[in-house]
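The structure under discussion appears below in the form of structure tokens.
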Amino acid sequence: MNSSPIVVLRSVSKTYRHGRDIIEVFSDISLEIHEGEFLYLTGPSGSGKTTLLSLIAALDSPNRGQILVSGVDIAHLSLTAAARYRCEQVGIVFQSYNLLPQLTALENVLLPMIPGHRFDRGRALDLLDAVGLGNRSNHRPPELSGGEQQRVAIARALANDPALVLADEPTGNLDEESAEKVMTLLLRSCRERGKTLLLATHDRNARHHGDRILELGRGSLNETRARGVLHSKRGSRTS
Ligand code: ADP
Ligand code: MG
Numbered sequence: 219m220n221s222s223p224i225v226v227l228r229s230v231s232k233t234y235r236h237g238r239d240i241i242e243v244f245s246d247i248s249l250e251i252h253e254g255e256f257l258y259l260t261g262p263s264g265s266g267k268t269t270l271l272s273l274i275a276a277l278d279s280p281n282r283g284q285i286l287v288s289g290v291d292i293a294h295l296s297l298t299a300a301a302r303y304r305c306e307q308v309g310i311v312f313q314s315y316n317l318l319p320q321l322t323a324l325e326n327v328l329l330p331m332i333p334g335h336r337f338d339r340g341r342a343l344d345l346l347d348a349v350g351l352g353n354r355s356n357h358r359p360p361e362l363s364g365g366e367q368q369r370v371a372i373a374r375a376l377a378n379d380p381a382l383v384l385a386d387e388p389t390g391n392l393d394e395e396s397a398e399k400v401m402t403l404l405l406r407s408c409r410e411r412g413k414t415l416l417l418a419t420h421d422r423n424a425r426h427h428g429d430r431i432l433e434l435g436r437g438s439l440n441e442t443r444a445r446g447v448l449h450s451k452r453g454s455r456t457s
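Residues 219 to 457 (our numbering) make up the sequence shown, in order.
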């Protein structure tokens with residue numbers, strides 16, 4: 219294990235209000251993720267995997283607790299600061315690809331570079347090459363298969379060379395063969411570039427490569443490894 223943690227969650231709680239209903243997703247969870255680590259986030263549907271990734275991506279805010287990324291608390295940033303943080307430090311891969319259908323694959327990869335004025339066509343083409351789509355750069359998403367679209371999304375996530383990559387069930391919409399290819403490319407692209415990866419997944423094959431496995435359930439986060447549970451106390455530190 220190297221260096222100081224890139225992500226630290228301290229006693230983070232998240233509750234949604236829906237009319238009069240209050241949904242407590244998790245409470246008092248703590249976690250440290252070190253640079254270059256791969257973490258696999260598991261747990262049943264509705265356990266809060268997407269919510270946790272959204273908090274770390276500053277797409278949403280916790281009700282309580284701190285979320286430090288590279289030493290800065292990102293839990294309650296303004297909309298502008300949150301957008302800048304995502305642009306500079308985080309790459310996100312969604313289950314449903316979220317490419318802009320009217321843009322080509324190349325333009326989709328270039329898009330995140332615009333706000334930081336780091337428009338680098340050569341880099342975008344290299345990233346498409348790295349996911350095996352160098353020859354499809356002028357194709358639009360509707361002309362690509364699901365697996366190919368997700369590979370474009372991986373290239374887009376890496377466009378600004380973020381330290382942290384968040385992937386939310388990136389193979390959830392794919393058939394087995396495409397899923398395997400996408401997962402291999404995601405892991406390889408992140409590993410080769412020294413990225414820190416937090417991956418919500420049900421893909422059992424992927425988890426074998428994992429440095430750490432976290433499981434969300436019943437409002438708490440537990441760290442497990444292949445041979446059993448390491449921490450099981452509600453809200454326990456998991457590093
Ligand atoms: P997972 O990704 O593990 O399936 P989610 O993070 O999507 O879980 O959801 C966790 C819980 O929070 C679920 O009970 C879900 O219904 C609820 N939830 C998620 N987003 C919202 C929201 N915007 N408003 C109300 N409840 C929500
Ligand atoms: Mg989810």
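Even glycine gets a Cβ: it sits at the ideal position worked out from N, Cα and C.
Given this structure, state the Cα-to-Cα distance separating residue i from residue j, to the nearest angstrom.
{"i": "L345", "j": "L376", "result": "8 Å"}
{"i": "I442", "j": "N356", "result": "In the sequence as displayed, the identity of residue 442 is Thr instead of Ile. Going from the Cα of T442 to the Cα of N356 covers about 43 Å."}
{"i": "L434", "j": "I310", "result": "20 Å"}
{"i": "E242", "j": "L271", "result": "16 Å"}
{"i": "P319", "j": "G365", "result": "15 Å"}
{"i": "L329", "j": "S296", "result": "22 Å"}
Considering just the uninterrupted stretch of the alpha helix (DSSP H) at residue i, what are its terminal residues?
{"i": "Q320", "result": "Premise fails: Q320 is in no alpha helix (DSSP H) and is neither H nor E."}
When DSSP labels each residue in this structure, what does residue i get in the three-state scheme?
{"i": "E253", "result": "coil"}
{"i": "S265", "result": "coil"}
{"i": "R341", "result": "helix"}
{"i": "R436", "result": "coil"}
{"i": "P223", "result": "strand"}
{"i": "Q461", "result": "The chain is shown from 219 up to 457; residue 461 falls before or after that span and cannot be answered."}
{"i": "R302", "result": "helix"}
{"i": "S231", "result": "strand"}
{"i": "L277", "result": "coil"}
{"i": "S272", "result": "helix"}
{"i": "L259", "result": "strand"}
Tell whether a beta-carbon distance below 8 Å holds between residue i and residue j.
{"i": "V308", "j": "L432", "result": "no"}
{"i": "T414", "j": "I224", "result": "yes"}
{"i": "R374", "j": "L362", "result": "no"}
{"i": "T268", "j": "A381", "result": "no"}
{"i": "I465", "j": "L227", "result": "Any question about residue 465 goes unanswered here, given that the chain covers just 219 to 457."}
{"i": "E325", "j": "N378", "result": "no"}
{"i": "S439", "j": "A371", "result": "Checking the sequence shown, residue 439 turns out to be Leu, not Ser. No, these two residues do not count as a Cβ contact at 8 Å."}
If you follow the beta strand (DSSP E) that residue i is in, where does it begin and where does it stop?
{"i": "L286", "result": "R282 to V287"}
Which whole runs of the alpha helix (DSSP H) in the stretch 345 to 416 are 4 residues long or more, in chain order?
Complete alpha helix (DSSP H) runs here, min 4: 364 to 375 and 394 to 410.
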